[in-house]
Amino acid sequence: QVQLVQSGAEVKKPGASVKLSCKTSGYTFTNYHIHWVRQAPGQRLEWMGIIKVGAGSTLYAQKFQGSVTMTRDTSTNTVYMELSSLGSEDTAVYYCAREGESTFYFDHWGQGTLVTVSS
Amino acid sequence: QSALTQPASVSGSPGQSITISCTGTSSDVGTYNYVSWYQQYPGKAPKLIIYEVSNRPSGVSNRFSGSKSGYTASLTISGLQAEDEADYYCNSYTSRHTYVFGTGTEVTVL
Numbered sequence: 015q016v017q018l019v020q021s022g023a024e025v026k027k028p029g030a031s032v033k034l035s036c037k038t039s040g041y042t043f044t045n046y047h048i049h050w051v052r053q054a055p056g057q058r059l060e061w062m063g064i065i066k067v068g069a070g071s072t073l074y075a076q077k078f079q080g081s082v083t084m085t086r087d088t089s090t091n092t093v094y095m096e097l098s099s100l101g102s103e104d105t106a107v108y109y110c111a112r113e114g115e116s117t118f119y120f121d122h123w124g125q126g127t128l129v130t131v132s133s
Numbered sequence: 014q015s016a017l018t019q020p021a022s023v024s025g026s027p028g029q030s031i032t033i034s035c036t037g038t039s040s041d042v043g044t045y046n047y048v049s050w051y052q053q054y055p056g057k058a059p060k061l062i063i064y065e066v067s068n069r070p071s072g073v074s075n076r077f078s079g080s081k082s083g084y085t086a087s088l089t090i091s092g093l094q095a096e097d098e099a100d101y102y103c104n105s106y107t108s109r110h111t112y113v114f115g116t117g118t119e120v121t122v123l
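Chains as they are written, first to last, in my numbering: chain A, 15 to 133; chain B, 14 to 123.
Encoded structure:
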């Protein structure tokens, strides 16, 4: 069955970076895209960007351009999301989600990773 | 990209029908039929319940239905049940090849 398993919770200081992982299984890794979505406490879902796993190409929401980097490792079927220059406003649960190629919706989600930014 | 606009909360009694609206612009909902809806319970990951405006994934109750008119998409839950109490988010593809979520709606079953 399709699974997206994310790395564990992180606590970071302001100004630091964090790199999260999303390990996938149960499907052909390169046939699907992976998105990252975050949710601050009590807030709405916020789309961060997409990595087209087959090509390795990325597209980020304007808000995150310059601070986010999404990469993938086809040998381990894992996608990574690195966020730099963290501030308290980056405290959130970060989700990875799968999209079938050009299907424009997210059919499977990871369990989420809580990132807490605090001095 | 501003969030799509949803009502903050909607409530209904068991057995009733409720509708959640999702209003966008000509850059997203108004142009593309790539509107999807997600159900989220507290502390859990979202779950896809509608894609491409009105299609239900396998396993999703037929009590959930979607539609679109102009710049507004809608999710209707018929025969409301206690288990439907959750947060609901719409999402749309945009003209910048990005995606945007709605502001979210909390559904309460009275």
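C-beta: ideal position from N, C-alpha, C; glycine also.
Values in this document were obtained by computation on a predicted structure and should not be read as measured data.
- The beta carbon of A:Q17 sits no closer than 7 angstroms to any beta carbon of chain B.
- Nearest in C-alpha terms to A:W50, of all of A:V131, A:D87, A:G124, is A:G124.
- Here B:P27 is exposed, its C-beta having fewer than 16 other C-beta atoms within 10 Å.
- Put simply, the CB of A:Q125 is near chain B, with a gap under 7 angstroms to one of its CB atoms.
- For the pair B:I63 and B:Q52, the CB atoms are not nearer than the 7 angstroms cut-off.
- Listed as beta-bridge partners of A:K77 by DSSP are no residues whatsoever.
- Beta bridge pairing from DSSP links A:S21 with no other residue.
- For A:E113, the number of other beta carbons within 10 angstroms of its own is at least 16, and it is reported as buried.
- Assigned with DSSP and collapsed to three states, B:S71 falls in coil, not helix or strand.
- Counting C-beta pairs with one atom in each stretch, the segment 64-77 of chain B and the segment 17-25 of chain A have fewer than three that are closer than 8 angstroms, which means they do not touch.
- Scanning the segment 16-67 of chain A from its first residue to its last, the whole beta strand (DSSP E) runs of 3-plus residues come out as 17-20, 24-26, 32-39, 46-53, 59-66.
- Rounded to the nearest whole angstrom, the C-alpha separation of B:L88 and B:K81 is 9 angstroms.
- The beta carbon of A:T83 lies closer than 7 angstroms to those of E96 in the same chain, with the five residues before and after it left out.
- For B:T118, DSSP records a beta bridge to B:Y101.
- For A:F118, the nearest CB of chain B lies under 7 angstroms from its own CB, placing it at the interface with that chain.
- Against chain B, the CB of A:W50 has no partner CB under 7 angstroms away; the residue lies outside that interface.
- In the DSSP assignment, B:Q53 forms a beta bridge with B:D100.
- Around the beta carbon of B:N104, a 10 Å sphere encloses 16 or more other beta carbons of the protein chains shown; the residue is thus reported as buried.
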